[in-house]
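One gets the working numbering by counting positions in the sequence shown from 1 and adding 305 to each.
Below: the structure, in structure tokens.
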Amino acid sequence: MRVLAVVPARGGSVGVPLKNLEKVGGVPLVARAVDVCLRAELVDEVVVSTDHDRIAEVAEAAGARVVRRPAELSGSTASSESAVLHALSEIHPEIHPEISGEQPEIVVLVQCTSAFLDPRDLDAAVAKVLDGEADSVFSGTETYEFVWTGAGHGVNHDPAVRPRRQDREPHFRETGAFYVMRTEGLRERGHRFFGRVAVQPVPARHAVEIDTPEDLEIARALAPFVDEPLPIDVDAVVTDFDGVHTDDRAFVDSDGREMVAVSRSDGMGIALLRRAGVKLLVLSTERNPVVAARAAKLGVPVVQGLGAKDVALREWLAAEGLAPERVAYVGNDVNDLSCMAIVGWPVAVPDAHPRVRAAARVVLSAPGGAGAVRELSDRVLAARPAAALETVPAAPVTVPVTVPRHLGQPRPVRIGRSLVGPGRPVYVIGEIGINHNGDVDIARKLIDVAADAGCQAVKFQKRTPEICVPLEQRDQIRQTPWGEMTYMEYKIRTEFGADEYAHIAKYCEERGVDWFASPWDVPSVEFLEDMDVVAHKVASASVTDHELLRALAATRKPIILSTGMSTIEEIDAAVEILGTERLVMMHATSTYPLPPEEANLRMITTLQQRYGVPVGYSGHERGLQISLAAVTLGAVTVERHITLDRAMWGSDHAASLEPTGLEHLVRDIRIIETALGDGVKRVYPGEEAPRARLRRATA
């Protein structure tokens, strides 16, 4: 090994958190850096030095070898040279005998913060050192700028003399992209500049260094124009319709009929993709005959009227047996972002929303309705062997596509013994929470109350007091049924452990009800996973705890997300982490007790339309009316706190239902379910006699 490339990529970053994992052109910065090094002909091996697990994972997937950097070399004051020297020591033959020979003759320091690197520039810089022209080479871009100090003094010019550009010698601004050094000199000096220093000129369009969020936005905007067009090697292409197959305009005649303009060249592109065996799908949130007609003409399956495109996409991928990383999705607006995040090749049209262009790995040059789909098809076909294109028969057409869900309705989520979703019995949860007061016997009695009333589940809360109790509250004195104690002692006293929950799990099984809990911290998630709960509940207070949400998402269990005390932006961020595949949302208002004017039950419909998942209601009101009204508005699950007696000691008892109230709630929910019917108008048997007696005329 003569030439080793080292890419320092620590997890910490002051300007942009986890900057090295941010995507430009749809590819993480660390993966872009690794790819350039691998494509450089004179680089023999690529090493990424990092202290972060996810960066290491991405780097290895990109083809690099990973060296774990110790904490003392991972702080904001650690130099890049220290990372390179550490990497060199880690790959020394004495430590890694599988690497033959002495230390590499040349080491290349490549910075992830420069998104635009050309492997030819790397090779040219390495050649200068190999050929003895220089000992150290840095990347620089030619500049004729006049540089001043803050005190008004000229740095690279005499302020009294203003020569023309053509009369000036160029200076070179260091871009920070890469540095090529003789390894021996770096070890001796501990610095990247020594001996004969030379510059490797790089184009100005490559000289964008990312240190701030604004720099990142600039790099993302430039990516479609700087990155070389690459063949798109995929097995399937999924597209939005409006703005991709059309220019996002609609023509409406006097009768209200819509027409759109499409490109004939797109039709040829689709035909070529079908002939090559590429699977195709159109997804649209609109239910429009124009979409269906165009898809039928193209011979492409289409799914319309979607509340959440990503759910339909995941189901189609599973049904077709497709790996998401081998799929391209073409979009133009923000409702396409969730789908773009799923696939390996997110693609945008040039006039797409800025957030969509920023998320895209490829931005097409042809606009929607003017050849965008044809351009995409050409790039997909370019990745396929010519012989394969000639021999693969046309793919069979099945229109519409069979997706295992009812169009326009959320897919039910299985929780324990029940399917929770539209058209299913309302899933009633008796929230025991902390109303057991730390007593297993009370918990058993509350489980009996829920089971006897006809609830399908009971829910508890699980905390690690040492994490969840704020420091300023720990030593506050509380009066409790067990005497005077600190707040921390009280929280520990009322928290169930493994033995208590094992007893609860066994008793719930005997009574035929599911049980789960709201974990308030990551160790509690691990605890509940050890108990093998059927689902997890996110309390409204935890909607913004992204560390907790990521831990819950990793369980792959059904998640019930309460949305009280949250903005729609906070809910968006939570759903982005949790995904929608196994998600049930709960409309809630976190006022105890809840006044009717704050119930805002129409949010049930809003949440279902926005996220395309089953939506229920978590109530904290007095009485039953609001919970029953939620069922009539489509709530698929209802959760209410339950207690043996509202006069019991504890913070949640007063806003809870007693046994009789819970019985009435479940009874009335079942009556409402029956009364809602199926929406099909018919004459019922009980109407026949009044119809015969009262009708004076027949139709």
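Note that the Cβ used here is the ideal one computed from N, Cα and C, for glycine as well.
Nothing here was measured: the structure is a model prediction, and the numbers come from that model.
Span of the beta strand (DSSP E) around residue i
i	result
Y812	Counting along the chain, Y812 falls outside any beta strand (DSSP E), though it belongs to the alpha helix (DSSP H) covering 803-816.
I739	Looking at the DSSP string, I739 is not in any beta strand (DSSP E), and its letter there is neither H nor E.
K614	From DSSP, K614 is part of no beta strand (DSSP E) but of the alpha helix (DSSP H) over 614-625.
V763	762-767
D547	Where D547 is concerned, there is no enclosing beta strand (DSSP E), given that its DSSP letter is neither H nor E.
V411	What sits at residue 411 in the sequence shown is Ile, not Val. Segment 411-415, the beta strand (DSSP E) holding I411.
V319	Taken as a continuous stretch (DSSP letters only), V319 belongs to no beta strand (DSSP E), as it is neither H nor E.
I720	718-720
L724	723-725
L309	308-313
S867	864-867
F499	Run containing F499: none; DSSP gives neither H nor E here.
K433	Per DSSP, K433 belongs to no beta strand (DSSP E); it is in the alpha helix (DSSP H), 424-435.
Rounded straight-line distance, which links the Cα of residue j to that of residue i
i	j	result
G331	I537	13 Å
V363	H357	10 Å
A699	S589	Residue placement at A699 is poorly supported in this model, since its pLDDT is 41, which falls under 50; the coordinates are not used for a value here.
V431	E438	10 Å
L694	A541	Here L694 scores only 45 on pLDDT, less than 50, and its place in the model should not be relied on; the value that follows carries that caveat. Computed Cα separation, rounded: 15 Å.
E454	G481	Position check: residue 454 holds Thr in this sequence, whereas Glu was assumed. Their Cα atoms are separated by approximately 21 Å.
G406	L390	Low local confidence applies: a pLDDT of 48 at G406 is under 50, so the model's placement there is unreliable, with the coordinate-based value given in what follows. Taking the straight line joining both Cα atoms gives about 18 Å.
N929	L999	Reading the sequence as shown, one finds Leu at residue 929 and not Asn. For L929 and L999, the distance between alpha carbons rounds to 38 Å.
W621	E800	44 Å
A456	H462	15 Å
R660	A526	10 Å
A846	T894	11 Å
I782	L751	29 Å
G626	V632	11 Å
L324	L906	Note that residue 324 is Lys in the sequence shown here, rather than Leu. Approximately 41 Å between the Cα atoms of the pair.
Q416	D558	57 Å
A837	R945	Looking at the sequence itself, residue 837 is Asp, so the reference to Ala does not match. Looking at the two C-alpha atoms, the distance is approximately 23 Å.
S318	D826	25 Å
G743	V839	22 Å
L933	L970	7 Å
R816	E630	45 Å
V549	F556	16 Å
G296	P409	Lying before the first or after the last residue shown, residue 296 is absent from the chain, which here runs from 306 to 1004.
Residue range of the alpha helix (DSSP H) that includes residue i
i	result
T965	964-981
H851	851-859
S643	642-645
S871	Element bounds for S871: n/a, residue is neither H nor E.
E992	990-999
Y897	Where Y897 is concerned, there is no enclosing alpha helix (DSSP H), given that its DSSP letter is neither H nor E.
A677	677-687
V652	Per DSSP, V652 belongs to no alpha helix (DSSP H); it is in the beta strand (DSSP E), 650-653.
Nearest residue (CA-CA) to residue i, options the options
i	options	result
F499	S568, P651, T488, K614	T488
V565	R580, R579, D547, I575	D547
I411	L422, V348, S354, S379	V348
A688	A878, S568, V583	V583
L1006	E800, V941, S961, I647	Since the displayed the chain opens at 306 and closes at 1004, residue 1006 lies outside it and no answer follows.
E377	S385, V371, R370	S385
G604	K328, V616, E479, M573	M573
V413	L833, A310, G726, S444	A310
A345	R470, V485, R467	V485
R580	S682, M836, H946	S682
E978	L618, G738, V941	V941
H511	P775, G726, E479, K324	E479
A879	W820, A844, R1001	A844
D472	V460, R492, E450, G459	E450
I882	G869, Y897, V848	V848
T911	V920, A904, E903	V920
D753	T937, I809, A361	I809
H925	E903, Y916, Q913, G917	E903
L326	V936, V353, L578	V353
Anticipated Cβ contact below 8 Å, residue i with residue j, distance rounded
i	j	result
V678	T551	Actually they are not in contact, since the Cβ atoms of V678 and T551 sit about 10 Å apart, beyond 8 Å.
L967	A762	L967 to A762, Cβ: 13 Å. No contact.
V830	T860	7 Å
V351	R370	7 Å
CB contact check: residue i to chain C, cutoff 8 Å
i	result
V431	Within the model displayed, chain C is absent; a lone protein chain is all it includes.
_beta strand (DSSP E) runs wholly inside the segment 334-386, at least 3 long, in chain order_ = 350-355, 370-373
_Suppose only complete runs of 3+ residues qualify. What are the beta strand (DSSP E) ranges in the segment 911-959, listed by chain order?_
920-924, 942-946
*Hey, which unbroken runs of the beta strand (DSSP E) at 3 residues or more fall wholly within the segment 443-495?*
Considered as a whole, the segment 443-495 harbours 476-487 as its complete beta strand (DSSP E) runs of no fewer than 3 residues, in chain order.
_Restricting to runs no shorter than 4 residues, where is the alpha helix (DSSP H) found entirely within the segment 553-601?_
569-580
*Tell me the start and end of each unbroken beta strand (DSSP E) in the segment 746-797 that is at least 3 residues and wholly inside, in chain order.*
762-767, 782-785, 788-791
_Ignoring anything shorter than 3 residues, give me the beta strand (DSSP E) runs that lie fully in the segment 501-535, in order along the chain._
502-506
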